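Here is the structure we will look at.
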Amino acid sequence: MSSRAEPGAVAKRVAVIGGGPAGLFAAERLRAAGLSVDLYEAKGSPGRKFLIAGKGGLNLTHSEPRPQFDSRYRERAAEVASWLDGFDADALRRWAQGLGVDTYVGSSGRVFPLDRKAAPLLRGWVRRLKEQGVRFHVQHRWLGWNGDGSLRMQTGEGEATVTADATVLALGGGSWPELGSDGAWAEALRARGVDMAPLQPANCGFDIDWSGHFRQRHAGSPLKPVVAHCRDLHGTPLQLQGECVASEYGIEGSLVYAIAADLRETINRDGHALLELDLVPGRDEARLRADLSRPRKGRSFGEHLRRATGIDAAKAALVFEILGKDAGNDLDTVARTLKHLPLRLLRPRPMAETISTAGGVRLEATDAGLMLHALPGVFCAGEMLDWEAPTGGYLLTACYASALRAAEGVVEWLR
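Numbering (numbering that gives the first Met the number 0), first residue to last: 0 to 414.
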């Protein structure tokens with residue numbers, strides 16, 4: 000990608016709004032193309048959500064091969080795949096290596112920096128961008144446009160006006176509002192005629208109407224390993240093994256996040272969703288019935304249930320939560336429940352609590368370079384676009400890939 004100005008010519012100026020990975024990467028590629036780049040961030044420093052997301056180990060991308068990788072983007076798989084053609088998981092690993100950050104593939108296929116930390120990568124990245132000439136403006140919150148098309152910014156000294164030859168919006172979704180991704184930008188775009196899909200929770204937990212006893216005794220208990228069973232909107236059965244957590248409000252964790260989109264859409268349609276958990280993946284119903292039929296030897300049924308099936312106290316409590324205190328009177332039902340424990344999910348958790356969001360600027364509202372049809376010269380990148388993916392590195396990879404596509408779109412448009 001090259002669009003360097005002729006000697007003596009004034010470089011075109013691009014405003015990048017948002018200091019997350021998509022904004023930073025767009026700024027990097029625009030500057031490499033010879034454009035003058037100003038990056039505006041609402042908070043006091045860039046990359047705050049990036050840092051928090053990496054506290055447990057920065058999951059940069061995933062080693063899953065394409066096209067399986069592409070399929071993680073669900074209904075937007077074809078569009079995101081076209082971005083990944085320009086910048087995929089391997090390209091992201093090479094980019095990190097260029098910052099002196101080597102990566103490795105974990106047992107789950109997820110890719111991490113060797114030290115698993117986000118801060119060294121972010122510090123090195125921002126330092127390099129500044130050395131390359133990207134100008135950073137922190138505590139500049141974008142408010143929309145003036146009548147003449149200039150950008151409105153709220154700063155510590157009041158409102159300011161910014162003009163640019165092109166603008167890249169990389170404003171994040173609607174999750175983690177305290178870190179800057181508050182979705183407040185949606186109204187400004189909608190007012191300008193941009194087609195928007197409502198922001199919704201993604202990679203989220205779900206509310207369940209637990210009894211007070213279960214909530215008090217077992218909130219926070221891990222459930223592992225379990226197999227989740229549900230259906231998508233077309234009735235196709237879905238099955239996935241992993242781990243989750245019985246939380247105070249319901250259920251959460253990586254297994255739930257992986258199927259959250261289907262559960263959310265089912266709730267949107269039906270008012271609730273059914274999630275079934277296999278609490279004992281290694282045993283079938285026949286064996287469970289035989290195990291449960293052994294003599295109790297004076298033990299309570301709860302203790303007998305745990306000893307006979309090998310489940311822990313939290314899983315046993317789930318059986319009683321569903322079947323009641325007299326569960327031991329019908330061993331066939333207990334065995335069936337252990338394999339298909341039904342949980343009625345009432346609603347996804349609020350967006351402010353979720354890892355990411357779905358919805359945003361519909362891709363149909365942009366051209367191939369991610370420029371808005373309604374606002375020529377304005378491009379979008381990252382999570383504010385209408386796509387979603389599970390955790391595992393897929394989110395970050397698409398943010399980078401869309402940022403490159405938007406930067407290329409800017410360069411082409413400014414020609």
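Don't be surprised by glycine CBs; every beta carbon is placed ideally from N, CA and C. Note that the structure is a prediction, hence the values are computed from the model and not measured.
Taking the alpha-carbon of Ser401 as reference, which of Val13, Arg28 and Ala14 has the nearest alpha-carbon?
Residue mapping note: residue 401 aligns to position 402 of the sequence shown, counting from 1. With distances taken between Cα atoms, Ser401 lies closest to Arg28.
Flag this pair as touching only if the segment 382-398 and the segment 73-81 have three or more C-beta atom pairs under 8 Å; answer yes or no.
The segment 382-398 is in contact with the segment 73-81.
Look at Val13 and Ala163 and say whether their C-beta atoms are less than 7 Å apart.
Position 14 of the sequence shown holds residue 13. Position 164 of the sequence shown holds residue 163. Yes.
Can you check the segment 165-203 for any beta strand (DSSP E) of at least 3 residues that lies completely inside it and give the ranges in chain order?
Runs of the beta strand (DSSP E) inside the segment 165-203: 165-168 and 195-201.
Grouping DSSP H, G and I as helix and E and B as strand, with all else coil, what is Ser246?
Translated into the one-based positions of the sequence shown, residue 246 becomes position 247. Reduced to three states, the DSSP call for Ser246 is coil.
Between Ala257, Lys314 and Arg122, which has its C-alpha nearest Gly99's C-alpha?
Translated into the one-based positions of the sequence shown, residue 99 becomes position 100. When only C-alpha atoms are compared, the closest one is Arg122.
Within a Cβ cutoff of 7 Å, which residues of the same chain sit near Arg69, ignoring the five residues on either side of it in sequence?
Here residue 69 is taken as the residue at index 70 of the sequence shown, counted from 1. Note that residue 69 corresponds to Asp in the displayed sequence, not to Arg. For Asp69, where only same-chain residues beyond five positions count, the Cβ hits under 7 Å are Ala76, Val79, Ala80 and Leu83.
Considering just the uninterrupted stretch of the alpha helix (DSSP H) at Pro119, what are its terminal residues?
Numbered from 1 along the sequence shown, position 120 holds the residue referred to as residue 119. Segment Ala118 to Gln131, the alpha helix (DSSP H) holding Pro119.
What is the residue span of the alpha helix (DSSP H) that Lys48 lies within?
Residue mapping note: residue 48 aligns to position 49 of the sequence shown, counting from 1. Arg47 to Ala52 is the span of the alpha helix (DSSP H), which, as asked, contains Lys48.
Identify the residues that DSSP records as bridge partners of Pro112: which are they?
The count along the sequence shown starts at 1 and reaches residue 112 at position 113. Residue pairing by DSSP puts Pro112 in a beta bridge opposite Thr102.
From Leu198 to Ala357, what does the alpha carbon distance come to, in whole angstroms?
Position 199 of the sequence shown, counted from the first residue, corresponds to residue 198. Position 358 of the sequence shown, counted from the first residue, corresponds to residue 357. Those two C-alpha atoms are separated by around 6 Å.
Do the segment 364-377 and the segment 51-68 make contact, defined as three or more Cβ pairs closer than 8 Å?
no
Distance check for Asp194 and Ala364, CA to CA, integer angstroms please.
As a first step, residue 364 is located in the sequence shown; it is residue number 365 there, counting from the start. As a first step, residue 194 is located in the sequence shown; it is residue number 195 there, counting from the start. Rounded to the nearest angstrom, the two C-alpha atoms are 6 Å apart.
Grab me the residues of Ala4's own chain with a C-beta within less than 6 Å of its C-beta, minus the 5 sequence neighbours each way, in chain order.
Position 5 of the sequence shown holds residue 4. No answer about Ala4 holds up, because its pLDDT of 47 lies below 50 and its placement is not dependable.
Assign Thr166 to one of two classes, buried (16 or more other C-beta atoms within 10 Å of its C-beta) or exposed (fewer than that).
Counting from one through the sequence shown, the residue named residue 166 turns up at place 167. Buried, because 16 or more other Cβ atoms sit within 10 Å of the Cβ of Thr166.
Is the beta carbon of Ala21 sitting closer than 7 Å to the one on Ala380?
Position 22 of the sequence shown, counting from 1, holds the residue named residue 21. Position 381 of the sequence shown, counting from 1, holds the residue named residue 380. For Ala21 and Ala380, yes; Cβs fall inside 7 Å.
Would you mind stating whether Tyr248 and Asp206 have Cβ atoms separated by less than 7 Å?
On the sequence shown, residue 248 is found 249 positions in, with the first residue counted as 1. On the sequence shown, residue 206 is found 207 positions in, with the first residue counted as 1. For Tyr248 and Asp206, yes; Cβs fall inside 7 Å.
Out of Glu63, Arg73, Arg47 and Lys42, which has the shortest C-alpha to C-alpha gap to Asp385?
What you label residue 385 is simply residue 386 of the sequence shown in a count that begins at 1. The candidate whose alpha carbon is nearest that of Asp385 is Arg73.
Starting from the Cα of Glu387, find the closest Cα among Gly327, Glu264 and Ala260 and give me that residue.
By one-based count along the sequence shown, residue 387 stands at place 388. Minimum Cα-Cα distance from Glu387 among the listed residues Gly327, Glu264 and Ala260 corresponds to Ala260.
Taking the DSSP output, what are the residues bridged to His136?
Counting from 1 along the sequence shown, the entry for residue 136 is found at position 137. In the DSSP output, where bridge partners are listed per residue, His136 has Tyr39.
What does DSSP give as the partner residues of Asp206 in its beta bridges?
As a position in the sequence shown, residue 206 is number 207, starting the count at 1. Asp206 is bridged to Gly249 and Arg346.
Excluding the five sequence neighbours on either side, which residues of its own chain have a C-beta within less than 7 Å of the C-beta of Ser246, listed in chain order?
In the sequence shown, residue 246 corresponds to position 247, counting from 1. Setting aside the 5 residues that flank it on each side, Ser246 is surrounded in the same chain by Gly204, Ala218 and Gly219, each with a C-beta closer than 7 Å to its C-beta; the list follows chain order.
Would Leu113 be called buried (16 or more neighbouring beta carbons within 10 Å of its own) or exposed?
In the sequence shown, the residue the question calls residue 113 occupies position 114. Leu113 comes out exposed.
Identify every residue that forms a DSSP beta bridge with Ala357.
Translated into the one-based positions of the sequence shown, residue 357 becomes position 358. Looking at the DSSP assignment, Ala357 forms a beta bridge with Gln199.
Following the continuous beta strand (DSSP E) through Ala159, name the residue where it begins and the one where it ends.
The residue you call residue 159 lines up with position 160 of the sequence shown. That run of the beta strand (DSSP E) goes Gly157 to Val161.
So what's Phe416 in DSSP terms, helix, strand or just coil?
The structure shown does not extend to residue 416, since the chain spans only 0 to 414, so no value can be given for it.
Drop a sphere of 10 angstroms on the beta-carbon of Glu177, count the other beta-carbons inside from all chains shown, and report buried for 16 or more, exposed for fewer.
Numbered from its first residue, the sequence shown carries residue 177 at position 178. By the 10 Å Cβ count, Glu177 comes out exposed.
Please state whether DSSP places Trp144 in a helix, a strand or coil.
The sequence position of residue 144 within the sequence shown is 145, counting from 1. It is a strand residue.
How is Ile266 classed by DSSP in three states: helix, strand or coil?
Position 267 of the sequence shown, counting from 1, holds the residue named residue 266. Correct three-state label for Ile266: helix.
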